[in-house]
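First comes the structure, then the notes that go with it.
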Amino acid sequence: MTLVTDSFIRSLESSATDLAEAETLPPECYTSAEFYAFEKEALYNHEWLCVGRADWVAKPGDYFSTRVIGEPILVSRTLDGEIRAMSAVCQHRAMLVAEGHGNARGFLCPYHHWSYNLDGKLVAAPAMSKTCNFDKAQYSLPTFKVELWNGFIFINFDADAAPLAPRLTAVAEAIAGYDLAGAEGPRPDPAPTLPWNWKVMFENNNDGYHASRLHHGPLHDFVPSGLAVFPDSDPADGGFLRFNGTLHADASFNATQKAVLPVFPGLSDEARMRMTFANIPPTLSLVMMSDMVIYLILRPNGPESLEMDTGFLFAPGAMADPAFDHKLDMNIRASGHIIAQDLHVDELVQQGLRSRFAPRGRYSWQEGAQGQFNKWLVHRYRATHQRLAAREMTQA
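For the record, in the sequence shown the residue sitting at position 296 is 296 according to full-length UniProt numbering, with numbers rising by one throughout.
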């Protein structure tokens, strides 16, 4: 039975209306392999995807590998200092030409020793002289568009994609005081695989409604759900915001409820009285406090699972403090406790979404970011379904 029909796409409109009247997306959007395949075309094949930080490839020759929707991706900094992104798949027999991260002058496929430079161009292919009409120039690694935004590396599989930054003006202005391009932080630990749909994760990070309930206690009560604010956004934008006021300035996740690391120097007094949540779907979510930014890079690998890079950013110079590790440990312990609660809920939500009794629920006003997310999604689902239907008619 086909799921993604005209009637199914029309049914999504009730999730993209005014929040007071909206209902959640159908459970199939979180569990169906068919919908995941549709979503790859609607979102991942044409939207800008965050794959890491520019400081992960700080020097010429630095590289790292990652994957999104199962696509192996290789990011490098060339000898000219440019950041390039390309497929990690050797164009001979599909072996991966690199794993992990490091520094190199090029990439040597370990299987048959085809070698590529840091731009992805094939420079050598042993014992191919007897192969008819073989032209090295035709077998370079496929490359992707790259855009840097606030120190984050974004790629796009669509060579004709419009730039990202013009669609993130409101988000960029709201977080300008953090100067994320100049922020510092360690490379994240290897990403775990999480057994739930990527939207469950993205929604949880945007959900102001649960915060005073699931996380009730001294580690979170300084940021009550009732102080959530949801700035307007256009579904065509590249992202959206959630602000959550705090009970005092420079609140942070630790037992003191106050910033223990240096405050980002560019923050306004207004910004220091709130936590800011900046979202650039479908891959990047930022949780921003006065002394620390948590970033989540969501990388789905199936309809009900994803890998997620979790990183931290700090004000310039913060990591030079001899007591930095001890102070950070205070934040990590507190945020880790809260994150563990979230991850437990996410896993149980995914189980519930598989149930025949899973609902299309209603929203509280404190879930305003969910309404923005739904509008962002449905705008693209609708357009993609129309485009695919028009293509089928043309081919018929």
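Where a beta carbon is used, it is the ideal one built from N, C-alpha and C, also for glycine. Note that this is a predicted model, so its numbers are computed, not measured.
Secondary structure note for TYR63: its beta strand (DSSP E) is the uninterrupted segment 62 to 68.
Burial state of TYR111 is exposed, judged by a 10 Å Cβ sphere holding fewer than 16 other Cβ atoms.
Collapsing the DSSP output to three states places GLY317 in coil. Under the three-state reduction of DSSP output, GLY302 falls in the strand class. Taking the CA atoms as reference points, PHE312 sits about 45 Å from ASP135.
If you draw a straight line from the Cα of TRP365 to the Cα of LEU19, it comes to about 7 Å. The DSSP-derived three-state label of ASN204 is helix.
Per DSSP, the beta bridge partners of ASN117 are GLY106. The three-state secondary structure of ASP158, taken from DSSP, is coil.
Uninterrupted alpha helix (DSSP H) stretches at least 4 residues long and entirely within the segment 162 to 244 occur at 169 to 174, 198 to 206, 211 to 214, given in chain order. When the Cα atoms are used, ASN204 and PHE152 turn out to be separated by approximately 22 Å. As the crow flies, the alpha-carbon of LEU96 is around 50 Å from that of HIS248. Take SER140, set aside five residues on each side of it, and the residues of its chain with a beta-carbon closer than 6 Å to its own are GLY120, LYS121, LEU122, in chain order.
Around the beta carbon of SER355, fewer than 16 other beta carbons sit within 10 angstroms, so the residue counts as exposed. Under the three-pair Cβ rule at 8 Å, the segment 161 to 168 does not count as touching the segment 26 to 34.
Judged by DSSP secondary structure, ALA37 falls within the alpha helix (DSSP H) whose first and last residues are 33 to 39.
By the C-beta density criterion, THR246 is buried, having at least 16 other C-beta atoms within 10 angstroms. DSSP places LEU148 within a strand segment (E or B) once states are collapsed to three. In this structure, DSSP gives LYS136 a helical state, which the three-state scheme calls helix.
Excluding sequence positions up to five before and after ALA88, its CB lies within less than 7 Å of the CB of SER65, PRO72, ILE73, LEU74, LEU96, VAL97, ALA98, all in the same chain and listed in chain order. The shortest C-alpha to C-alpha distance from LEU298 to any of ALA369, ILE175, PHE154 is the one to PHE154. With 16 or more other Cβ atoms from the protein chains shown falling within 10 Å of its own Cβ, GLN370 counts as buried. For the pair PHE253 and ILE338, the CB atoms are nearer than the 8 Å cut-off. One Cα belongs to ASP237, the other to GLY208, and the distance between them is close to 21 Å. Boundaries of the beta strand (DSSP E) harbouring LEU74: 71 to 77, taken from the DSSP string.
For LEU284, the enclosing beta strand (DSSP E) has its first and last residue at 284 to 288.
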